[in-house]
Structure formats: structure tokens, C-alpha cells
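Report on the structure given below.
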Amino acid sequence: PPRKPTRPGHHGRPAPQHAARSRPLAPETPTSDQVLSLLHGQEHPLRLVEIMNSLDLERRHKRDLERLLGHLVAEDVLALTPEHAYALVPSRSLREGTLSMHPRGFGLVDLEAGEGDRTEKVLISEPDLAGGRHRDRVLVRLLPRHNRQGLVKGRIVRIVERTVSSVVGIYSSAGPMGLVTPVDDRFPFQILIKKKDALGARSGEVVVASIRETTDEMRANVEGRVIEILGDPQELAVLTRMVVRAHGLPDAFPPEVEAEAAALAPPAPPYPDRLDLRPVPHVTIDGETARDFDDAVAAEKTPDGFRLHVSIADVSHYVRPGSALDREAFRRGTSVYFPTLVLPMLPERLSNDLCSLVPDADRLAMTAILELDHQGRPRSSRFARSVIRSRARLTYTLVARILDGEPAACAEQPQLVSPLRVLDELAQQLAARRKERGAIGFELPEAEIEVAATGQVTAIGRRQRNAAHKLIEELMLAANEAVALALSQAKRPLLFRIHEPPDAVKVEEFSQFAASLGLELPRGPATPAWFGQVLDMVAGSPTEYIVNNLLLRTMKQARYAPDNPGHFGLAADHYTHFTSPIRRYPDLTVHRALGELLAHPRPRHGESAADLDQAGEFLSGREREAMLAEREVDDRFRARFMADHLGEDFQAVVSGIVAFGFFVELVAHSASALVPMADLRDDYYEWDERGHQLVGRLTGQAIRLGDLVTVTISAVDVLRGRITCTLASRSGRARGGVAAP
């Protein structure tokens, strides 16, 4: 994959004289933070006179600077070279990271992992922000102090890079000037707009405003100009565009990318370099509204068990490394899916045409051919660049009906009834083997938001998973594991999909809470099998919802990396993403690695995983950004829907306890809402963080995770996707799967 673009100030850090723009004006005497900030990342030690010049110090400050430098050398923070120049002593006390602001004024910095370090968070109090803003890349000095939760405290000593140059906000006219108030309250300032720079925006409209940087870090507001008018905040399209702009998601392809895609053409028969799998009865199985079909499957019984074909559109044939298409796909990293808009990773010419496995058309594919025994255990595997011809475009609903034996459904595709039953039999065996080895079977409900053609949210519910969903899931998992194992055994560099074991402290906290519920947890280490046993223990019980949620919170987030510690949640030693190269760039890198293995079975000189480490970090970040954006749009759409239900009562389950109240999940609409502590009038409640509950000081009455309550919708903030409720009544603990969202 192409290299991730170098971030300004990271590898090629600016010379000291160019860094002055992001520093506050020099004080009367030099400070240690100034000196450390200056020396951080310098390729060569600096002499006293160079430090003075870089910090714009006058001659009268020379004695003070000499004393400060001597003090830092004595503390072993700086080293003095024989040439009388100063350099930082390597240590973990000065680190770079990304600042995430909290609306209450403090910040958290996600530190970049250094050699031998793990990424960690540092708490920055408001006085120590030094003008840092949300998403800034900053240089932090770690302090020998912790907060009550054990977080290390720190102080920002330099703003390395302002990564946010524009914000989304609401425009208002204020006399001769206009104001833009950011929708994201982690930007606690307003942007002053001259009328000539407002693009004709009207009060109440959503706009995108650029920020004009100044050297004055103490100003409450900043100046800027309107660069785009998004429109009425009540319109769903505007709510979506707000998120697209706030996250900097590309929503149009550059002309050179579109031109490159338009020039692509499929190869003509007879496909001499391809395995001809057109006689194999492949089918695609997707949702009713799917527009691209990038995976097709087929299975047959053999004397030894099953033969499974998983064929994936061969995107790597069309998207060549270093091309304009490739660079743009890497920059995007993934497709992003909103209820009314899709931002694809690849242009439509590829995603909906050349790489879409439509029925009755020859399509290029990468195929995994797996031989499995009667119990679904792998016996052997082989892979090929292939050409296939899908027999039918099937939907999850239709396949589920066929598997249920509905006569009308079977009559629609009579020739496919038997092949589908073979696929289902194999999928059930694969699921049993995964459960046997300890894979964790979280059943996580997904929201389904229905939008009418008129642009109104008409319903919010939960997406139903049927037998066909599970069938495809099992077959894709099997293919992903087989590809990961083959490439690993061949010692080929690739991006694994890794999921590291959960934090031991979080598991212990869960165990203590489970004991307070009266649960006797299995003995032994917290392996995937242990998690599966716990889930089985509470399945269908009153504590099922709360235990599932708390167990999920102990988990780490899966990511992409060339080093392979395995996938904890799947209990898999080798796992990668192979099955969606149309919408995920990591899958495309795996296809290329597999193609290279097929073309050159022996590793060629010069193959290296050096670039993959950087690519994995970047692509994991793009995935997280997409997930956040999708969640924010869903939250705004839910809020828009609930705005029409102010004052109405809804059944809900307590899903989170915080110091300022508790969150509930509305059962009927799968929407999250807050019940503020200030609105709990029947008692004075205190937060028991370890017990995951609020406890009334006078009555001893508790509000706990999993409680079933009735809430009244009291306020809705559509722009921020927030729903606020008051507590109407309590019904005790939620029972089984009835109330759990």
C-alpha cells in the first residue's frame, strides 16, 4: 500500500524559527517547557546562542537561560555535549499525541505508542491546555501526578499541528458581525465572521466556517469566514452533511480518479490466466437494498465432507498500486454508510459494475476453495484468480424463507433449494466448531432507520438477523481464516485483523460486579471460552442485558496490524479481512498479497512489512472515523424522530451510569437517552462507580444497570443528536430478552 502522508511536524519537524507561530509570546524569563518543546525532535543538539535566537530571547535573559539549562542537565532531562550544545535525554516524559477535548473544559491526549510502549491517555486540566483545541496534535510533558481514576496528568508544551481548520456550526447575525457557534461543544468558542465573509448565510442556517489562525492563544473567540452553507438543520440531508464535513470525509472523487475508473474495461474471454469456475453454481446473498455484490458462495457435498467456494470480486485486477484510484481508496480507507447516503471507497464504475458479481455475467474473482470434513473442520485449502458466473442475486429474507421450507419461497428458486441447504448445513457445522473452540457469541442489535421518500424518519427499530445472515457470516469467517493462515505459513507480509485480550483490570471489575449480582462465574483465566461460558450462564435470564453490556465494555477494539497476536473474540490464531475489497482497503492489500503468493510461491527478495505497520495504524483510524460518523448520523436521525414525541412515555432499560445521571435505551426505538441527575427529585443520589449504580442517600434506593424503567421524553437536541428524559416510573430488573434492546 502507499505510504501514509507524512503529518507536518511529525517526521519532518519544522526548524525552530518556523515553530514560533504556534508558541505563545516569550515571557520575561525562559521556561523549561519552552526549552523542551524546542529541543524535542531536533536532529542535532543546539548551542546556547541557537536556543536564545530560536526563543526570541534578549541578551538580558542569557543568565536566566544558563541557570535553567544547568538545572535541566542536573536533573538528567538534558545532556550537554562536548561541543557545549544541549539535547534531550531520551525519556517517556515528553510525548506527542492527539488532544480530545471534553465539553466540561478538560482534555485527554491519546499518546502515540513509542518503542516498547502502548498507546495511553493523559489528562490535561484546563489551565494546562496552552491554547490546545480539539483534535490538535500536541507535545505533552507528563507530570508525576494522577487523578482519582489513575490517569496520568500532563501539560501541553507545544501545539505541533492544528489538524482542524474548519468547523460546522450555526450562523447568527450580530449587528455588523456574524457569529458561528460550533455544533460540537468540544470547540468552546465562537467564530467571528465579517458580513462580507458570510456568503449570504442567514441566521439559523448550518454552515462550515474556516478558522483564521492568530498567535494570540488567550482569545475566547477566533476570526474566520463561511466557506459553505449547508442549510436548514431540520433537513435530514443537512444533518448528514454536517457529519460528513465535521469528520472531513471525502464525498466526491477527484476528476483524475473518475477518469481512470471510466477508462477501465473487463478482459475478454477466454481468460487464459484464470481458473474457470463458471460451471460452479455461485450465488450472492445480500440485503434487499444492496447495490453492490462483492461476494458469492457455493458448496457441495463430497465423500469426505464439504467443498466450499468463497469468491470475492477481484478489485486488485483493476486498482493497481500507486494509481490515482489506489491513492484515493487508501485516503478514504473504507466506505461509509448513512441511512440516506453512501460514501463509497471506490467509484461506481467499479463498485456497482465491474466488481459487482451480478447474475449471468462473467466476473473476475479471487476464490478460496476450502475442503472440510463432515463436522466442518478444515482439511485443506487452495486459492485462485478465477472467473465466475453467479446464478442468482438472492436476499437474506428469501434465503431464510427457503431454509424454513416455505413452499412459495422454494418455488421462486427451485433449482437452488438443495444447494442452499448444503450451504446452511455447512454453516451450522462451522458455527458449532467456532463455539467449541471458545469464540465469543455477542448478539449485538443494530438499529434500522427507515426514511420516507419525503425525507422524514418514519420508523426506528432493530435490524433482524435471520438464518441467512448467520450463514453468510460463517462462510466469510471461514474464508478469512483460511487466507490468513495460508499467507502466514508462506511468511508473506499482510495486515492481520487483530483483537487483543481485554484489560485484566476491567475483567476484574466486571467479576466483582457480577459477584454482587449473585453470579458464580467460571473459575480460571479470562479466555474467549470463559467469556462464552458467562454469556451462556445468563442467556434468557434477568441479568442477560446487563452482563452482555458490561462484558462488551471490557473488550478492546479490533484493529489492523502486520504483527499477529491473534483474534481474541473469534478465538482465532490467524485472522484477516479478505471478503470486502470493494469497501475496505485492508482487504485489497490482502488480495494483493494473495495474488503475489499465487504468482510467486517463493518469497521474492525485498518483501517487507515496514510499510504495513504505518498503513495498519492509518486504516484503523479511518475505520474508527467512519464508525463515529455513522453513529453520529444515526443519533441525529433518532433525535429528529423523537422530536415528534415530546412528552410521551416509553419503556427503557438503564444502559449506563455516570456521575451526572444515567443513560437508557428506548426499547421500541433502539435510541439512547439521558436522565440527568438534577431531574431525580425523589432523593439525593450518589454515584457508585464500581457498583454501576446510583444510590439514594435518604432511601437507599438504587438505580442500576439493566433496570427496566419508564421515561418521559422531555427535550431533544437534533443538532447534537441528544435526547433527554425524566424518570416516570421503575419496574425493576429487565427480564430476559424481552426488554433488552
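Per this note's numbering, the sequence shown starts with residue 3, numbered consecutively.
Ideal placement from N, C-alpha and C gives every residue a C-beta, glycine not left out.
Would you kindly work out how many angstroms separate the C-alpha atoms of Pro-272 and Arg-604, rounded to a whole number?
As a working mapping, residue 272 is identified with position 270 in the sequence shown. As a working mapping, residue 604 is identified with position 602 in the sequence shown. In this structure, the alpha-carbon of Pro-272 lies about 28 Å from that of Arg-604.
Identify which residue in Gly-702, Gly-693, Val-677 has its Cα closest to the Cα of Thr-712.
Taking the sequence shown and counting its residues from 1, the one referred to as residue 712 is at position 710. Nearest C-alpha to Thr-712: Val-677.
Give a yes or no on contact between the region 390–407 and the region 363–375, applying the rule of three or more CB pairs nearer than 8 Å.
At 8 Å Cβ cutoff, the stretches touch.
Does DSSP put Ser-543 in a helix, a strand or coil?
On the sequence shown, residue 543 is found 541 positions in, with the first residue counted as 1. Looking at Ser-543 - three-state DSSP - the assignment turns out to be coil, as it is neither helix nor strand.
Cut-off 7 Å between Cβ atoms - residues of its own chain near Glu-330, not counting five sequence neighbours on either side
Counted from its first residue, the sequence shown places residue 330 at position 328. Only Phe-255, Pro-256, Val-259 meet the Cβ criterion.
Give the list of continuous alpha helix (DSSP H) stretches no shorter than 4 residues that lie fully inside the region 290–375.
The region 290–375 contains these whole alpha helix (DSSP H) runs: 317–320, 326–334.
Run through DSSP, which three-state label would Ile-158 get?
Here residue 158 refers to the residue found at position 156 when the sequence shown is read from its first residue. If DSSP states are grouped into helix, strand and coil, Ile-158 belongs with the strands.
How many angstroms separate the CA atom of Ser-731 from the CA atom of Leu-251?
Start at 1 with the first residue of the sequence shown, and residue 731 comes out as number 729. Start at 1 with the first residue of the sequence shown, and residue 251 comes out as number 249. Rounded to the nearest angstrom, the two C-alpha atoms are 42 Å apart.
DSSP three-state assignment for Glu-476, whether helix, strand or coil:
Sequence index remark: in the sequence shown, residue 476 carries index 474 (1-based). Glu-476 falls in the helix class under three-state DSSP.
So, with DSSP's three-state summary, where would you put Leu-277?
Here the question's residue 277 lines up with position 275 in the sequence shown. It is a strand residue.
So, with DSSP's three-state summary, where would you put Glu-438?
Translated into the one-based positions of the sequence shown, residue 438 becomes position 436. In this structure, Glu-438 counts as helix in the three-state DSSP scheme.
State the DSSP-derived secondary structure class of Thr-726, mapped to helix, strand or coil.
To locate residue 726, count along the sequence shown from 1; it is residue 724. For Thr-726, the secondary structure class from DSSP, reduced to helix, strand or coil, is strand.
Do Asp-297 and Thr-578 have their beta-carbon atoms positioned less than 8 Å apart in this structure?
For the purposes of this step, residue 578 is taken as residue 576 along the sequence shown, with counting starting at 1. For the purposes of this step, residue 297 is taken as residue 295 along the sequence shown, with counting starting at 1. No, the pair does not count as a contact, with Cβ atoms beyond the cut-off.
Output needed for Gly-571: all residues of its chain with C-beta closer than 6 Å, excluding positions within five of it in sequence on either side, in chain order.
Taking the first residue of the sequence shown as position 1, residue 571 is located at position 569. Excluding sequence neighbours, Gly-571 sits near Ile-442, His-501.
Nearest to Leu-145 (by Cα), restricted to the options Arg-97, His-104, Pro-105
For the purposes of this step, residue 145 is taken as the residue at position 143 of the sequence shown. When Arg-97, His-104, Pro-105 are compared, the shortest CA-CA separation from Leu-145 is found for Arg-97.
Between the C-alpha atoms of Ser-313 and Leu-113, what's the straight-line distance to the nearest angstrom?
Working through the sequence shown from its first residue, we reach residue 313 at position 311. Working through the sequence shown from its first residue, we reach residue 113 at position 111. CA-to-CA, the gap between Ser-313 and Leu-113 works out to about 40 Å.
Please determine, among Arg-137, Leu-125, Ile-158, Phe-191, the residue with the shortest C-alpha to C-alpha distance to His-148.
Within the sequence shown, numbered from 1, the residue matching residue 148 stands at position 146. Relative to His-148, the option among Arg-137, Leu-125, Ile-158, Phe-191 whose CA is nearest is Leu-125.
Out of Asp-294, Pro-178, Leu-241, which one is the CA nearest neighbour of Arg-351?
Position 349 of the sequence shown, counted from the start, is the residue given in the question as residue 351. For Arg-351, the nearest C-alpha among the options comes from Asp-294.
Sort Ala-263, Gly-618, Glu-634 by Cα distance to Met-347 and report the nearest one.
Residue 347 sits at position 345 when you count from the first residue of the sequence shown. It is Ala-263 whose Cα lies nearest to the Cα of Met-347.
For Met-103, which beta-bridge partners are listed by DSSP?
Within the sequence shown, residue 103 is the residue found at index 101, counting from 1. DSSP output for Met-103 lists Gly-109 as bridge partner(s).
Going by the beta-carbon positions, is the gap between Leu-425 and Ala-301 smaller than 8 Å?
Here the question's residue 425 lines up with position 423 in the sequence shown. Here the question's residue 301 lines up with position 299 in the sequence shown. Leu-425 places its beta carbon less than 8 Å from that of Ala-301.
Three-state secondary structure (DSSP) at Arg-25?
Walking along the sequence shown from the start, residue 25 turns up at place 23. Model confidence at Arg-25 stands at a pLDDT of 42, short of 50, so the residue's coordinates are unreliable and nothing is read from them.
Apply the 10 Å Cβ neighbour rule to Arg-525 and answer buried if 16 or more other Cβ atoms are within range, or exposed otherwise.
Position 523 of the sequence shown, counted from the first residue, corresponds to residue 525. Arg-525 is classed as exposed because its beta carbon has fewer than 16 other beta carbons within 10 Å across all chains shown.
Hey, is the region 719–727 in contact with the region 627–643, meaning 3+ C-beta pairs nearer than 8 Å?
Contact between the region 719–727 and the region 627–643 is present, because at least three Cβ pairs lie under 8 Å.
Quick check: the Cα distance between Asp-130 and Leu-614, rounded to an integer number of angstroms?
Taking the first residue of the sequence shown as 1, we reach residue 130 at position 128. Taking the first residue of the sequence shown as 1, we reach residue 614 at position 612. One C-alpha to the other measures close to 36 Å.
Going by beta carbon distance, what residues of the same chain come within less than 6 Å of Thr-728, once the five residues before and after it are set aside?
Locating residue 728 in the sequence shown gives position 726, counting from the first residue. Cβ neighbours of Thr-728 beyond the five flanking positions: Asp-681, Thr-714, Ser-716.
What does Asp-288 pair with, by DSSP beta-bridge criteria?
Here residue 288 corresponds to residue number 286 of the sequence shown, with the count starting at 1. According to DSSP, which records beta bridges pairwise, Asp-288 is partnered with Thr-397.
Three-state secondary structure assigned by DSSP to Asp-119:
Working through the sequence shown from its first residue, we reach residue 119 at position 117. Residue placement at Asp-119 is poorly supported in this model, since its pLDDT is 48, which falls under 50; the coordinates are not used for a value here.
In whole angstroms, what separates the C-alpha of Lys-508 from that of Val-401?
On the sequence shown, residue 508 is found 506 positions in, with the first residue counted as 1. On the sequence shown, residue 401 is found 399 positions in, with the first residue counted as 1. Using only the alpha carbons, I get a separation of about 41 Å.
Where Gly-623 and Thr-33 are concerned, what is the direct C-alpha to C-alpha distance, given to the nearest angstrom?
For the purposes of this step, residue 623 is taken as the residue at position 621 of the sequence shown. For the purposes of this step, residue 33 is taken as the residue at position 31 of the sequence shown. Whole-angstrom Cα-Cα distance: 35 Å.
According to the neighbour-count rule (16 or more other Cβ atoms, all chains shown, within 10 Å of its Cβ), is Gln-695 buried or exposed?
Within the sequence shown, the letter at position 693 stands for residue 695. When all chains shown are included, Gln-695 counts as buried.
What residue range does the alpha helix (DSSP H) around Phe-512 cover?
Locating residue 512 in the sequence shown gives position 510, counting from the first residue. Counting along the chain, Phe-512 sits inside the alpha helix (DSSP H) bounded by residues 506–518.
Selected residue, minimal CA-CA separation from Ser-518, among Glu-207, Ile-584, Leu-707
Translated into the one-based positions of the sequence shown, residue 518 becomes position 516. Of the residues Glu-207, Ile-584, Leu-707, the one whose Cα lies closest to the Cα of Ser-518 is Leu-707.
The beta strand (DSSP E) that contains Pro-380, what's its start and end?
As a first step, residue 380 must be located in the sequence shown, where it is residue number 378. Run containing Pro-380: 380–391, per the beta strand (DSSP E) assignment.
Under 8 Å between C-beta atoms of Gln-377 and Arg-435
One-based indexing of the sequence shown puts residue 377 at position 375. One-based indexing of the sequence shown puts residue 435 at position 433. Their beta carbons are under 8 Å apart, which means Gln-377 touches Arg-435 by this criterion.
Take Phe-498 as the anchor and find which of Ala-488, Asp-505, Ser-212 has the nearest alpha-carbon.
The count along the sequence shown starts at 1 and reaches residue 498 at position 496. Shortest Cα-Cα distance from Phe-498 to any of Ala-488, Asp-505, Ser-212 involves Ala-488.
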